[in-house]
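Novice:
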Amino acid sequence: MDQLYLPAASHGAAWPDSTAVLQLLTEKRKQALMSTTENIEPSSPQAKSEEGTNESRLVSLPVLCLFALAIGVVAAAGAVIFRYLIAIVHNLFFYGTFSLHFDANQFGDPSPFGAWIILAPVIGGLIVVFLVRTFAPEAKGHGVPEVMYAIYHKKGDVRGIVALIKSLASAISIGSGASVGREGPIIQIGASFGSSIARSFDLVRWQKITLLAAGAGAGIAATFNTPFGGVLFAVEILLPEFSSRTFLPVVVATVTATYVAHIAIGLEPAFLVPIASVSQSGIIDPLQLLAYAVLGVLAGVVGWAFIRCLEKCEDWFPMLPVNEYVQNMIGMLIVGGMTYAFFVATGNYHTAGVGYATIQDILNSNPQTLVLLACLLIAKILATSISLGSGASGGVFAPSLFMGACIGGLVGLAGDYLFPGSGFVVAEFALVGMGAVVGGATGASMTAIMMIFEMTRDYNVMVPLVLAVAIAVGIRRSLVTANIYTIKLRNRGRPIPVNRFTNMYLVQQSHDLMAKNFLILSSSMSVTDAISKMTQSDASHVIVADGDHILGYVRFGTVLYRADTLEAQTLHDVVQHDFLVAPETTLLNTVISRMNKRSRGYCIVVQNAKGIPRVEDVVGVIDRTEIADAVIANHYA
240 MDQLYLPAAS HGAAWPDSTA VLQLLTEKRK QALMSTTENI EPSSPQAKSE EGTNESRLVS
300 LPVLCLFALA IGVVAAAGAV IFRYLIAIVH NLFFYGTFSL HFDANQFGDP SPFGAWIILA
360 PVIGGLIVVF LVRTFAPEAK GHGVPEVMYA IYHKKGDVRG IVALIKSLAS AISIGSGASV
420 GREGPIIQIG ASFGSSIARS FDLVRWQKIT LLAAGAGAGI AATFNTPFGG VLFAVEILLP
480 EFSSRTFLPV VVATVTATYV AHIAIGLEPA FLVPIASVSQ SGIIDPLQLL AYAVLGVLAG
540 VVGWAFIRCL EKCEDWFPML PVNEYVQNMI GMLIVGGMTY AFFVATGNYH TAGVGYATIQ
600 DILNSNPQTL VLLACLLIAK ILATSISLGS GASGGVFAPS LFMGACIGGL VGLAGDYLFP
660 GSGFVVAEFA LVGMGAVVGG ATGASMTAIM MIFEMTRDYN VMVPLVLAVA IAVGIRRSLV
720 TANIYTIKLR NRGRPIPVNR FTNMYLVQQS HDLMAKNFLI LSSSMSVTDA ISKMTQSDAS
780 HVIVADGDHI LGYVRFGTVL YRADTLEAQT LHDVVQHDFL VAPETTLLNT VISRMNKRSR
840 GYCIVVQNAK GIPRVEDVVG VIDRTEIADA VIANHYA
């Protein structure tokens with residue numbers, strides 16, 4: 240607590256007795272702080288935590304880049320092995336054979352199991368639930384939220400076993416027919432290895448997080464053959480800090496992973512685009528540009544629908560009055576039924592697995608109908624949401640590409656019907672739709688633009704792609720602020736800032752750093768009695784109450800007292816009202832922003848009570864001291 244400031248007494252008036260009281264209070268606080276430090280036993284958890292912090296190693300940037308190079312090699316190897324695992328599982332579940340051959344960009348032959356193929360995702364799902372429940376609960380879901388959770392709320396710690404279980408669980412989910420992608424798993428696999436390397440060398444937190452992000456970026460670069468996209472994904476989605484010390488290791492890891500993947504897999508892009516649709520002048524027709532803008536709006540709505548549907552399914556399935564195995568069986572029966580229904584109607588298993596074959600079919604400009612594309616769009620949103628909600632393990636990036644190809648194809652077909660001869664090409668609109676839905680759903684606009692270009696190597700779509708992605712992100716943000724990755728963390732009660740390029744201390748929640756040594760005193764109490772009560776306790780903060788109502792606070796060190804009126808002053812006379820009230824789960828970033836916007840100097844933390852906060856709801860205080868402590872702790876972490 241700040242020292243009480245008393246002006247010099249005039250005309251020889253004596254100092255009031257409260258000066259001695261204040262000196263006693265200040266001395267008592269000093270002793271309390273010293274005793275708190277001295278009384279930590281070497282064997283206590285707090286002491287061990289401090290020892291761990293002090294022993295953390297800070298390596299040079301070249302050494303960090305060497306670690307990143309090793310991570311890139313492992314991430315690429317993991318991506319290759321993961322592909323083979325998917326191939327093995329797919330051939331076993333769909334054809335009853337053991338084979339490493341599986342081209343995800345081509346439709347497979349009809350399964351000899353006929354309608355029994357409906358049970359393939361059910362059987363695979365039960366295995367996945369067992370693996371996840373038994374060995375690594377973090378492997379459930381689409382992976383990226385868990386990586387973000389580790390960065391912001393677990394100091395970058397991802398267990399090594401997650402890489403193994405995530406590989407097996409996701410390969411089984413994808414191979415057996417769950418409607419999920421393979422990029423989320425490889426991101427989590429790469430992140431797990433990067434974190435494990437950092438933890439084994441006991442690196443400081445920011446370097447641990449950097450290697451984690453490098454592993455994630457390397458994984459996605461190796462999976463899609465997109466080195467720039469991998470870098471941008473790590474920067475836009477994962478890294479809380481963007482600087483040379485974090486950027487260079489990510490670049491090293493992604494470039495290394497891409498090169499190794501080229502050796503193992505080849506140089507081909509993820510999708511082939513056999514078209515050249517622009518005119519000789521290279522200028523896009525204004526009518527088409529307008530259609531691309533409309534596509535951006537629709538893609539934003541699709542991204543919003545996907546986010547909401549996935550959110551509902553992830554909430555609904557755990558609420559069922561059955562265990563996780565039965566929940567998964569219900570979901571996978573629905574997914575299996577949808578897969579077989581499309582096979583009966585079209586001859587192909589459109590909604591099973593990653594769906595690259597359907598995307599490639601649309602990009603090849605094969606004959607499509609508005610009805611089929613609309614059905615595929617709705618079915619993929621439902622199938623992916625149900626798969627992940629019921630416990631499957633896999634990503635949302637590939638399903639987003641699928642949805643984007645469908646909505647883009649719909650706009651392209653509609654434009655061709657309405658304006659025949661205007662040069663509307665379904666494949667070009669599908670490409671732009673892919674980027675727009677990915678950008679809208681994930682919020683990673685630059686990543687979406689660059690990855691679509693790298694995956695297709697079609698420069699013709701860059702201008703409409705940038706336009707559509709920007710519009711899609713804006714539309715989705717106007718409908719729901721959180722993206723498909725962050726909404727899961729928000730619903731879990733562990734949100735991250737919307738603007739993630741911030742200092743790590745800002746992502747702490749109020750209850751993690753608030754001061755709990757406060758007194759709630761009546762506004763009618765005299766100042767002298769209030770100081771006396773503080774000397775009898777360890778309190779450093781005073782909250783002033785008027786009955787059940789929170790009236791304000793008193794920061795004694797900033798209040799001027801007149802010697803001749805001190806005895807008559809009450810807390811009501813010196814109370815300050817420039818405070819704000821925040822729930823205990825509010826991020827410090829939000830608290831500071833609100834303080835600055837409303838010119839407040841004090842935050843009273845309350846339980847998440849509904850209605851007007853009362854005195855009984857108060858659980859802590861955030862003042863300048865708590866904010867300063869958080870900053871200092873982050874600086875030396």
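Under my numbering, the first residue of the sequence shown carries the number 240, and numbering increases by one thereafter. The C-beta atom is built at its ideal place from N, Cα and C for all residues, glycine as well. Only a predicted model underlies this, so the values are computations on that prediction, with no experimental measurement involved.
What is the rounded straight-line gap between the Cα of residue 767 and the Cα of residue 791?
Specialist: 18 Å
Novice: Output the distance between the C-alpha atoms of residue 543 and residue 663, rounded to the nearest integer angstrom.
Specialist: 26 Å
Novice: With the cut-off set at 8 Å, would you say residue 296 and residue 524 are in Cβ contact?
Specialist: no
Novice: Can you say whether residue 775 is buried or exposed, counting buried as having 16 or more other CB atoms within 10 angstroms of its CB?
Specialist: exposed
Novice: Excluding the five sequence neighbours on either side, which residues of its own chain have a C-beta within less than 7 Å of the C-beta of residue 460, listed in chain order?
Specialist: 466, 468, 469, 493, 496, 497
Novice: Roughly how many angstroms separate the alpha carbons of residue 403 and residue 615, rounded to a whole number?
Specialist: 33 Å
Novice: What residue from 634, 348, 445, 356 has the CA that sits closest to residue 587's CA?
Specialist: 348
Novice: Please give the ranges of any beta strand (DSSP E) in the region 518–554, keeping only runs that are unbroken, at least 3 residues long and fully inside the region.
Specialist: none
Novice: Cα separation between residue 363 and residue 383?
Specialist: 22 Å
Novice: Which residues in the same chain as residue 576 place their Cβ atom closer than 8 Å to its Cβ, once the five residues preceding and following it in sequence are excluded?
Specialist: 357
Novice: Would you kindly work out how many angstroms separate the C-alpha atoms of residue 372 and residue 385, rounded to a whole number?
Specialist: One C-alpha to the other measures close to 15 Å.
Novice: Using the C-alpha atoms, what's the distance from residue 593 back to residue 638?
Specialist: In this structure, the straight-line span from the alpha carbon of residue 638 to that of residue 593 is close to 7 Å.
Novice: Looking only at its chain, what residues have a beta carbon closer than 6 Å to the beta carbon of residue 812, apart from the 5 residues adjacent to it on each side?
Specialist: none
Novice: Residue 860 bridges to which residues according to DSSP?
Specialist: 754, 843
Novice: Give me the residue from 368, 407, 338, 346 with the minimum Cα distance to residue 318.
Specialist: 407
Novice: Exposed or buried, what is residue 502 when buried is set at 16 or more other beta-carbons lying within 10 Å of its beta-carbon?
Specialist: exposed
Novice: Report the rounded CA-to-CA distance for residue 392 versus residue 553, giving the unit in angstroms.
Specialist: 21 Å
Novice: What residue from 731, 814, 725, 715 has the CA that sits closest to residue 764's CA?
Specialist: Residue 814 is the option with its Cα nearest to residue 764.
Novice: Take every Cβ of the region 435–455, pair it with every Cβ of the region 406–421, and state whether three or more of those distances are shorter than 8 Å.
Specialist: no
Novice: CA-CA distance, residue 504 and residue 314?
Specialist: 14 Å
Novice: For residue 479, which of helix, strand or coil comes out of DSSP?
Specialist: coil
Novice: What residue ranges within the region 611–662 form continuous alpha helix (DSSP H) runs of no fewer than 4 residues, ordered along the chain?
Specialist: 636–657
Novice: Check whether the region 317–331 touches the region 408–417, taking contact to mean three or more Cβ pairs, one atom from each stretch, closer than 8 Å.
Specialist: Judged by Cβ distances under 8 Å, the region 317–331 makes contact with the region 408–417, as three or more pairs qualify.
Novice: Can you look up residue 280 in the DSSP assignment and give me helix, strand or coil?
Specialist: Low local confidence applies: a pLDDT of 36 at residue 280 is under 50, so the model's placement there is unreliable, with the coordinate-based value given in what follows. In this structure, residue 280 counts as coil in the three-state DSSP scheme.
Novice: Please classify residue 567: is it buried, with 16 or more other beta-carbons within 10 angstroms of its beta-carbon, or exposed?
Specialist: buried
Novice: Look up residue 783 in the DSSP assignment and give the residues it is bridged to.
Specialist: 760, 791
Novice: Leaving out the 5 sequence neighbours to the left and right, which residues in its chain are closer than 6 Å to residue 338 when beta-carbon positions are compared?
Specialist: For residue 338, the CB contacts under 6 Å within the same chain, skipping 5 residues up- and downstream, are 330 in chain order.
Novice: Excluding the 5 residues preceding and the 5 following residue 864 in the sequence, name in chain order all residues of the same chain whose CB lies nearer than 8 Å to its CB.
Specialist: 754, 779
Novice: Can you tell me the Cα-Cα spacing of residue 360 and residue 300, whole angstroms?
Specialist: 46 Å
Novice: Where do the ends of the alpha helix (DSSP H) carrying residue 463 lie?
Specialist: 444–463
Novice: Check the DSSP bridge columns for residue 296 and list the partner residues they point to.
Specialist: 442
Novice: With a Cβ-Cβ cutoff of 8 Å, do residue 821 and residue 844 count as a contact?
Specialist: yes
Novice: Along the chain, where does the beta strand (DSSP E) containing residue 821 start, and where does it finish?
Specialist: 818–822
Novice: According to DSSP, residue 826 sits in a beta bridge with which residue or residues?
Specialist: Answer is 748.
Novice: Does the region 536–551 come close enough to the region 595–608 to have 3 or more Cβ pairs within less than 8 Å?
Specialist: no
Novice: Classify residue 379: buried if its beta carbon has 16 or more other beta carbons within 10 angstroms, exposed otherwise.
Specialist: buried
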